[in-house]
Each structure stands twice: as C-alpha cells, then as structure tokens.
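Here is the structure we will look at.
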Amino acid sequence: MEDYAYILDYLPSGNPIDVHIEHRNKPIAQAVGEDYFMLLELAPKRGVNLTPGERVYIGRGFRDKIAFIYCRIDYNALTSFAKDMLPQIVEKIVTEREKVFVEIFNIAQPITIKLHALELIPTIGKKHLRIILEERRKKPFESYKDLVERGKISNPVKLLTERILKELMGREKYYLFVKPISTSGTIYLGYLPRMYAIASSRETR
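Taking the working numbering, I'd label the letters of the sequence shown as residues 157 to 361.
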C-alpha cells in the first residue's frame, strides 16, 4: 500500500458524477500514490483544504490531513483536472526517484521469445535493446545520465513517464510498473517492488 500520495484534484463539495453515490456531496480528493502510482479517492479531515500537487501522508498511524482512503479508482474515474495534473506528478516522482527507476534497465528480462520487457518503454526497439543489454553486462546503469551516455537513451524520464501513464490509462496487456485493477487479460510483471528492493540494497552497501 502507499504511504504518501500527491493530490491531483480537490473537490470540497464532492464529485457530482462519481459512481459512488456517497462521494457526490462530501469533500473528496483524487490522488496518485508516490510509491506504486495507485489512483485513489481520499477523504480529507474536517476543516482541511487540499491543494493540487500537495504531498500528503496516507499510511498507517496519525495522518494530519487525510481521514481515510475511500477506494482505489481507475483512470476513467479521474476528473479532467486530475488527468491534466497526472503527467507532471508522475514525471516529478520518476525524476526524484532516479536510483529506483534506473534499475528497470538493469533487471528487465524477456517476456516472450520475441518480446523483451524493455521494448514496452517508448522508442526502445531492437537496436536500443541490444545496446542496453551489452552495456549492462559490463556494468549496471547508475543514473539517467549514464543511460543517455552508454545506453543511448534520450530523455529516460520522459520515456518512463510515458510508459507509466499508458499503464495508468489501462488497455495494456503487459504492466511493468502499475498493478492493474482488473487482472482480466492482463499480465502484471511486478518490476517496481523489485526495483525498490534493489535500490535500497545498493544504498546500504
């Protein structure tokens, strides 16, 4: 579960088109989790006003601004404003967690005989894939700069952000990072928890 989330939209009078009737006339916030990109609806504490882009604690124990988590939602349940906010928040997370997200280029494996997990990332085809695999055999990638220089990947943050957004929108068969709400016809590859574990272990060495 998530410990922190970023507010995408705050609706102090509720969301009149929410599928949950009880959310239509009560203060509600839509947010994205900082660790696993879960899209959530949150109930703010009485008297609390939330600002889009604000980072709030939603984990166990005392929460200063959030009373409880209503539920996990899919992309289609987001307001138009929340959808507009989402790309910049995802990009912010990917930028700030460089040591985590660079690990996908070190640990990704083939999905099938013809498809490698890295090919799910926009612009990475067979040529780029070959370069990345050759370079990581020599030495794991350590930063986005390292990826640009050795892996010949231009703007890794942009490409990772695009992939995460595609997974949040749904309709994908394979999911590298985001665990889909519906498992019907989808394959969750579950790389993100492993990336956090590896990044953490590297820090303690």
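Even for Gly, the Cβ is constructed at its ideal location relative to N, Cα and C.
With a floor of 3 residues, list each beta strand (DSSP E) that falls wholly inside the stretch 190-269, ordered by position along the chain.
List check, beta strand (DSSP E) in window: 195-200, 211-213, 222-228.
At 3 residues or longer, what runs of the beta strand (DSSP E) sit wholly inside the stretch 310-341?
You should have found no qualifying run.
Under three-state DSSP, which class holds Leu271?
It is coil, neither helix nor strand.
Quick check: the Cα distance between Asp165 and Tyr331, rounded to an integer number of angstroms?
Their Cα atoms are separated by approximately 25 Å.
What would DSSP say about Leu348, mapped onto helix, strand or coil?
Of the three classes helix, strand and coil, the one that applies to Leu348 here is helix, per DSSP.
DSSP on Asp302, reduced to helix/strand/coil?
Residue state, collapsed to three classes: helix.
Quick check on Phe193: buried or exposed, where buried means 16 or more other Cβ atoms within 10 Å of its Cβ?
With 16 or more Cβ atoms within 10 Å of its Cβ, Phe193 is classed as buried.
Run through DSSP, which three-state label would Ile280 get?
Here Ile280 sits in coil by DSSP.
Which first and last residues belong to the beta strand (DSSP E) in which Asp165 is found?
Counting along the chain, the beta strand (DSSP E) containing Asp165 begins and ends at 160-167.
Under the rule that 16 or more other beta-carbon atoms within 10 Å means buried, what is Thr317, buried or exposed?
Its Cβ being crowded by 16 or more others within 10 Å, Thr317 is buried.
Taking Cβ to Cβ, would you say Ile229 is nearer than 8 Å to Leu196?
Contact: yes.
Quick one: any contact between the stretch 212-224 and the stretch 245-260, if contact means 3 or more CB pairs under 8 Å?
Short answer: they don't touch.
For Phe237, tell me which candidate among Arg306, Tyr347, Ala185, Arg358 has the shortest Cα-Cα distance.
Closest option to Phe237, Cα to Cα, is Ala185.
Which residue wins for smallest C-alpha separation from Met325, given the options Tyr352, Leu242, Glu305, Leu206?
The residue with the shortest Cα to Cα distance from Met325 is Leu242.
Can Tyr300 and Val334 be called in contact, C-beta distance under 8 Å?
No.
How big is the Cα-Cα spacing for Asn262 and Ile320?
Their backbone Cα atoms lie some 18 Å apart in a straight line.
Taking Glu305 as the reference, which of Glu252, Val212, Glu291 has the closest Cα?
Measuring from the Cα of Glu305, the nearest candidate turns out to be Glu291.
Just mark Ile337 as buried or exposed, buried being the case when its beta carbon has 16 or more other beta carbons within 10 Å.
Looking at its Cβ environment, which holds fewer than 16 other Cβ atoms inside 10 Å, Ile337 is exposed.
Hey, how far is the Cα of Lys283 from the Cα of Ile269?
Using only the alpha carbons, I get a separation of about 16 Å.
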